[in-house]
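S.K.:
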Amino acid sequence: MELLEGLKEGDLDAFETLFRQFQGDVYGWIMQVVRDRGIAEDLTIETFWRIYRARERFDTEGAFGAWARRVATNVAIDHIRSARNMEQLPEQLPSKETPDPAIQREIREKVERAFLRLSPKLRVAAILALVEERPYEEIASALGKPVGVIRTRVFRAVRQLRKQLERMGVTP
Amino acid sequence: MRHGDDKEIQRLLKEAFPPVDRELRRDLWPAMLGRLEALDLQCAGTTGRFWHCCVSGCFFARKGFCNSFTSCEAEEL
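Residue numbers (the working numbering), protein chains in the order written: chain A, 72 to 243; chain B, 31 to 107.
#1: Determine whether the beta carbon atoms of A147 (chain A) and V104 (chain A) lie at a separation below 7 Å.
#2: Could you tell me the distance, in whole angstroms, from the CA atom of D113 (chain A) to the CA atom of D57 (chain B)?
#3: Can you check which of these residues, A:V225, A:L189, A:L236, is closest to I178 (chain A) by C-alpha distance?
#4: Tell me whether M62 (chain B) sits in a helix, a strand or coil according to DSSP, three-state version.
#5: Check the Cβ of Y207 (chain A) against every Cβ in chain B and list those closer than 8 Å, keeping chain order.
#6: My output table needs one value for A125 (chain A): the three-state DSSP class, helix, strand or coil.
#7: In chain B, what lies closer than 7 Å to P243 (chain A) by C-beta?
#8: How long is the line joining the alpha carbons of R126 (chain A) and D84 (chain A), rounded to whole angstroms?
#9: Exposed or buried, which one is L42 (chain B) when buried takes at least 16 other CB atoms within 10 Å?
#10: If the cut is a Cβ gap below 7 Å, which residues of chain B does L199 (chain A) touch?
#11: May I have the straight-line CA-CA distance separating V229 (chain A) from P49 (chain B), to the nearest angstrom?
#12: Does the CB of A68 (chain B) have a neighbour CB from chain A at under 7 Å?
#13: State the DSSP-derived secondary structure class of D96 (chain A), mapped to helix, strand or coil.
#14: Does the beta-carbon distance from V218 (chain A) to E209 (chain A) come in below 7 Å?
#15: For the alpha helix (DSSP H) holding S212 (chain A), just list the boundary residues, first then last.
#16: Around the C-beta of Q40 (chain B), are 16 or more other C-beta atoms found within 10 angstroms, so that it is buried, or is it exposed?
#17: Closest Cβ-Cβ distance between G99 (chain A) and chain B: below 7 Å?
#18: Using a C-beta cutoff of 7 Å, does F90 (chain A) count as contacting chain B?
#19: When you compare each of A:P243, A:K192, A:V202 to T223 (chain A) by their alpha carbons, which one comes out closest?
#20: Taking CB distances under 7 Å as the criterion, tell me whether W138 (chain A) reaches chain B.
#21: What first and last residue would you give for the alpha helix (DSSP H) that runs through A196 (chain A)?
#22: With a threshold of 7 Å between beta carbons, is E72 (chain A) in contact with chain B?
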């Protein structure tokens, strides 16, 4: 509690202590979403930067870890949103009917492409729920949304992925 | 959507996105501190520019006032 009060008052030592205590958790959470060490490090710093700037609004009765994770999720979504504009979304690949030695790799690439077409919010929900298998409650808390919203997002992500993959000639 | 479809999409996603190492390998505090210091410098710069503008403003306003006063005196004479 003292640390949180200190943070709220702009005490750099309190901020440093909290940073060192939670940087690993924040990094790990972001890493699950962005899956790139360098980007995850940058976004971890961005997360704490936003926390520091918004410190006066923090409710010291609340849990710092949960708040940090929520900020981290928003930072990751913002990153995906900005990176999405830079990504070259490829045109539909021609489907190959014949078996290929590299078929698994090709399918993997198509899944990645289909995934890149999802909106940032659907991407985050899908990767956390389906790939990382995080509990829906945990994802809901990190996104600041009800569990039902997360279920809907995952459902929509799966439906869109299936459609995209079918267009690419992959029938899940 | 059938539950099987769901599982199949999940399997494909897991293959496309293999597990990642989630452990932080270095302390990020020095980088964080650098960013905070940059903010301080930026703020100091902004504050400095603000005071510079205030002082300059006062100087020119005073000068303008004095000039107008002098010209008024000259007119009276």
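Yeah, the Cβ is synthetic: ideal placement off N, Cα and C, and Gly gets one too.
M.R.: To lay it out plainly:
#1: yes
#2: 12 Å
#3: A:L236
#4: helix
#5: By Cβ distance, chain B contributes nothing, its closest Cβ being about 14 Å from Y207 (chain A), past 8 Å.
#6: coil
#7: D35, E38, I39, L42
#8: 14 Å
#9: buried
#10: The premise fails here: L199 (chain A) is roughly 11 Å from chain B at the closest Cβ pair, so nothing lies under 7 Å.
#11: 20 Å
#12: no
#13: helix
#14: no
#15: 207-214
#16: buried
#17: yes
#18: yes
#19: A:K192
#20: no
#21: 191-197
#22: The identity of residue 72 (chain A) in the sequence shown is Met, whereas the question assumes Glu. It does not: the Cβ of M72 (chain A) has no partner Cβ on chain B nearer than 7 Å.
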